Amino acid sequence: MNLNWLYKKEDHMTRFFGTKWNSRVSLKRWHKANLGKRGVYFYQGYMEIQFGNWVLRYKNNK
Numbered sequence: 000m001n002l003n004w005l006y007k008k009e010d011h012m013t014r015f016f017g018t019k020w021n022s023r024v025s026l027k028r029w030h031k032a033n034l035g036k037r038g039v040y041f042y043q044g045y046m047e048i049q050f051g052n053w054v055l056r057y058k059n060n061k
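With numbering that gives the first Met the number 0 applied, the sequence shown corresponds to residues 0 to 61, in that order.
Right under this line is the structure:
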């Protein structure tokens, strides 16, 4: 049974629901034990909601 549609492990993170680095909305989990970041972050062209290792990202693909 292939679960790539649900999650895909990469070197430093696990991506969920078949998203890629440039997807409009993506959910990922970093493998490091504790990144210590919590909150909402705005970067050039995208916004992230981070809670520890979990990151929900919205990218504005104009």
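Built from N, CA and C at the ideal position, the CB exists for glycine as well.
Every value quoted in this text rests on a predicted model; they were computed, and no experiment measured them.
Item                                                                                                                                                         : Value
Excluding five sequence neighbours on each side, which residues of the same chain lie with their C-beta closer than 6 Å to the C-beta of N59?                : G44
For V24, which residues of its own chain have a beta-carbon under 6 Å away from its beta-carbon, when the five flanking residues on both sides are left out? : Y57
For the beta strand (DSSP E) that contains W53, what are its first and last residues?                                                                        : 53–58
Going by DSSP, what residue range makes up the beta strand (DSSP E) through R14?                                                                             : 12–15
What do you get for K27, buried or exposed, if any count of 16 or more other CB atoms within 10 angstroms of its CB means buried?                            : buried
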